[in-house]
Every structure is written in C-alpha cells, then in structure tokens.
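Shown next, in structure tokens, is the structure this report addresses.
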Amino acid sequence: MNSKDIPRSESALESVERFHATLMGNWKTQVLYVAASLRIADLLASGPRTSAELARATSTHPAALHRLLRALSTIDVCQERDGGSFELTAFGALLQEKSPHSQRAWTIWWGQHLWPVWEHLLYSVRTGDSARKMLSGTEGFAHLEQDPEAAALFNKAGVEQLQLTAPDIVRTYDFGSQPRVVDIGGGHGVLLLTVLKAHPGATGVLFDLAHAIEGARRYVDESGLADRCELVRGDFFQSVPRGGDVYILKSVIHDWDRERSLRILQNCRKAMEPDARLLVIEPIVPERLGTSLADQAIARSDLTMLIAHAAQERTEAEFRELLNASGFEVSRLLAAGAGFTIIEARPRE
Numbered sequence: 061m062n063s064k065d066i067p068r069s070e071s072a073l074e075s076v077e078r079f080h081a082t083l084m085g086n087w088k089t090q091v092l093y094v095a096a097s098l099r100i101a102d103l104l105a106s107g108p109r110t111s112a113e114l115a116r117a118t119s120t121h122p123a124a125l126h127r128l129l130r131a132l133s134t135i136d137v138c139q140e141r142d143g144g145s146f147e148l149t150a151f152g153a154l155l156q157e158k159s160p161h162s163q164r165a166w167t168i169w170w171g172q173h174l175w176p177v178w179e180h181l182l183y184s185v186r187t188g189d190s191a192r193k194m195l196s197g198t199e200g201f202a203h204l205e206q207d208p209e210a211a212a213l214f215n216k217a218g219v220e221q222l223q224l225t226a227p228d229i230v231r232t233y234d235f236g237s238q239p240r241v242v243d244i245g246g247g248h249g250v251l252l253l254t255v256l257k258a259h260p261g262a263t264g265v266l267f268d269l270a271h272a273i274e275g276a277r278r279y280v281d282e283s284g285l286a287d288r289c290e291l292v293r294g295d296f297f298q299s300v301p302r303g304g305d306v307y308i309l310k311s312v313i314h315d316w317d318r319e320r321s322l323r324i325l326q327n328c329r330k331a332m333e334p335d336a337r338l339l340v341i342e343p344i345v346p347e348r349l350g351t352s353l354a355d356q357a358i359a360r361s362d363l364t365m366l367i368a369h370a371a372q373e374r375t376e377a378e379f380r381e382l383l384n385a386s387g388f389e390v391s392r393l394l395a396a397g398a399g400f401t402i403i404e405a406r407p408r409e
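Counting in my numbering, the sequence shown runs from 61 upward without gaps.
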C-alpha cells in the first residue's frame, strides 16, 4: 500500500479538541434551557429583534443576554444579522411553545429537573441506586405527586415526545377494526388518542396516576373523542383495568427495576383475556453499542433511567425473559421509528 493511501490519523491537538467538545458539551444544555425558560424562540417568532429589545421583554441584563444570543447562534438556534438583530432558525423553532414539534417542555425538564440528578451519576454507578432517591427521598414518580408544577411540566414533555412518535406507532401496528385499547401509564393520552383517531370503531381506556389523568382531560375533550375514551385513575402496581383487547405499555417498563417491572406485567396478565395482546413499546439495547448518534441516545437514556429510577433500558433477551416470567409469549417485534420497537406479547396458556 502506498503511504499516500493511508488515512491521516487524528493529531494529538485534534483529539484533545474533540475530547473537550465532548467533555464540556453540558454548556449547550444550559444555553438551551435558559433560552426555553426566557421564551426566546417565541419572542423571535414574529421576526428579528435586537438583544436590547429581547432584554426588555425578558427582564434580563442586556449585555449578558447578548452573550447568550451569540452562544445560541453557534448552535444554530438563531442567527445574528447585520445591524445586531437576531433571527430564529428552523432548528431554533423547536423551542417555540406552539411549534408542532416543540421541545420546549422537554428542554426545561432536562435542564432544570434532570440536571441536578445527573451531577450524581458517580453515586449511582457506585451503588446501583437512584440519585434522585438519594437527593429527594422519593422513588419512582412520587416526587411529581408532591410538586404539581413539576408534574405538569413532565407530562407536557411527554406529550411533546409522543406527538413525534405516536403516528409511526399507529402506522406500524394493526390494532384491528374495533379494539378496546387500554393505555397503561399513558400520561395525557396522546398515543391512545392517535389510535382512536385512526380507528373510528375503537374505544379506549387511559390509565395513569391522578396528576396525569387530571391534565389528560383537556386533551381528550379537545380531541372530540371523550365519548370513546374513558379516563381511569389508578396504580399499575396494584391492578390495571380489565376487558381490553390491546394493552399498551409505552416507555413504562424502562422506568422500573426487574421486581417492579414483573409486578406491572403480571397485573396486565391478570387483567387480560386469552386472546388479548400486550404491546411493550421501548428502545431495545443492542448486544454491543457503537458510536453512532442512535447508540449514544440509548446509552444516555439507559443512564438516565439509572440515576432517576435505578432502572434500565433492556436488550431483546432481557425483555423476553421478563415477559416469559410474567406469563407471556413474545409473538413478534416491529420497528416503530425513532428508535422504538413494538414488542407484541400474548398470554401464555
């Protein structure tokens, strides 16, 4: 092989620069969080504005806000124009409250509520325990029951994510012509309502804790599907509604350790008739992770589950084992977009 055919290796300086970009990448989280909190994207929606104008609108320090805006321009949230005004980019529009693909609530949730928990990753790695539990003394989602404002933000962040993923799930899976669909831990009901809209003969039950059901009522009423969607408050560790043809657990099992995951699945099994179906919709961890953005996303989610709940993302084999131990047989797996897989399981006789 000719030496000119050998790819030039990364220099030491380039390696350090790449390392620093990774190490110090957390600055972007806080820049986006502050922009979301100040509603910068909403203020720029009507057109370019100067940092002085934005400072007056947000009650912030003009020079400091100008520096924030320059930082936002380096990550394509806004652009600085001739004359010193700033305009919103298509990418930055994701921070708008009313964007059809808004990520504003998720940004605030990550920058405000997950940020202090991530600081204690070392604790969770050493102990295997939840850093949130160590900090707050609460497990699971009990902290939301004590903080209505945080609960509202968490559920809104969930709505944002489901508005992106629900259409692909409904296009991928055949729910049948007249199913009774029970969405367990379904938040504000975005996925269930998407199913009902796509299947006019379907009826549904949205089942979740009180803080989620209270907020779900508005979404159900606005959808015009209140006559086909029943709202039920409850705890899936105690029981789940009976009589469903299809039961959905979307992004639920990854929140819990093995013991509590088994309890949820076993309660679903008790509620299901022999011909009912269970859909566990989660990312599936590959046996070996690479360096792609998709691999990084699942690693990030896995560690988030560790620090927040002492829980985890799982491999296909781990899901099969859980379902088998709960009285189910996996019938098929369907890729549903955005890194999610629909695991269809049926009660084992």
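Where a beta carbon is used, it is the ideal one built from N, C-alpha and C, also for glycine.
- Message: Between the alpha carbons of Ile135 and Ile100, how many angstroms are there, rounded?
- Response: Ile135 and Ile100 have their C-alpha atoms spaced approximately 14 Å apart.
- Could you check how far apart the C-beta atoms of Pro407 and Phe379 are, in whole angstroms? I think they sit under 8 Å. Taking C-beta atoms under 8 Å as the contact rule, Pro407 and Phe379 fail to qualify, at a distance of about 16 Å.
- Counterpart residues of Pro122 in DSSP-defined beta bridges: According to DSSP, Pro122 bridges with nothing at all.
- Sorted by chain position, which residues of the same chain lie with C-beta nearer than 7 Å to Ala395's C-beta, five sequence neighbours on each side aside? Take Ala395, set aside five residues on each side of it, and the residues of its chain with a beta-carbon closer than 7 Å to its own are Thr401, in chain order.
- Message: Taking the alpha helix (DSSP H) that Ala385 belongs to, which residues open and close that run?
- Response: First-last of the alpha helix (DSSP H) with Ala385: 376-385.
- Query: So who's on the other strand from Cys289, going by DSSP bridges?
  - Reply: In DSSP, Cys289 forms a bridge with Gly264.
- Message: Less than 7 Å between the C-beta atoms of Val230 and His248, yes or no?
- Response: Their beta carbons are not under 7 Å apart, which means Val230 does not touch His248 by this criterion.
- Which first and last residues belong to the alpha helix (DSSP H) in which Leu256 is found? That run of the alpha helix (DSSP H) goes 250-258.
- Item | Nearest candidate by alpha-carbon position, reference Gly303, set Gln163, Gly264, Val340, Ala385 | Closest by C-alpha distance to Gly303, out of Gln163, Gly264, Val340, Ala385, is Gly264.
- Are the Cβ atoms of Leu92 and Thr167 separated by less than 7 Å? Their beta carbons are under 7 Å apart, which means Leu92 touches Thr167 by this criterion.
- Can you tell which of Gly261, Arg360, Met84, Ala105 has the C-alpha that lies nearest to the C-alpha of Leu154? Of Gly261, Arg360, Met84, Ala105, the residue nearest in Cα terms is Ala105.
- How many whole angstroms separate the CB atoms of Pro208 and His271, which I take to be in contact at a CB cut-off of 8 Å? About 7 Å separates the CB atoms of Pro208 and His271; that is less than 8 Å, so the two are in contact.
- Query: Do Ala115 and Leu125 have their C-beta atoms within less than 7 Å of each other?
  - Reply: With a cutoff of 7 Å on beta-carbon distance, Ala115 and Leu125 are scored as near each other.
- Message: Here's the rule I'm using: 16 or more other beta-carbon atoms within 10 Å means buried, otherwise exposed. How should Trp316 be labelled?
- Response: Buried is the call here.
- With DSSP collapsed to three states, give me the class of Ser321. Helix.
- Task: Please state whether DSSP places Lys310 in a helix, a strand or coil.
- Result: Lys310 carries a strand assignment under DSSP once its states are collapsed to helix, strand and coil.
- Query: Which partner residues does Ile341 have in the DSSP bridge list?
  - Reply: Ile341 is bridged to Lys310, Ile402.
- Task: Please classify Trp87: is it buried, with 16 or more other beta-carbons within 10 angstroms of its beta-carbon, or exposed?
- Result: It is exposed - the Cβ of Trp87 has fewer than 16 other Cβ atoms within 10 Å.
- Message: Taking 7 Å as the threshold (C-beta atoms), are Pro108 and Ser145 in contact?
- Response: For Ser145 and Pro108, yes; Cβs fall inside 7 Å.
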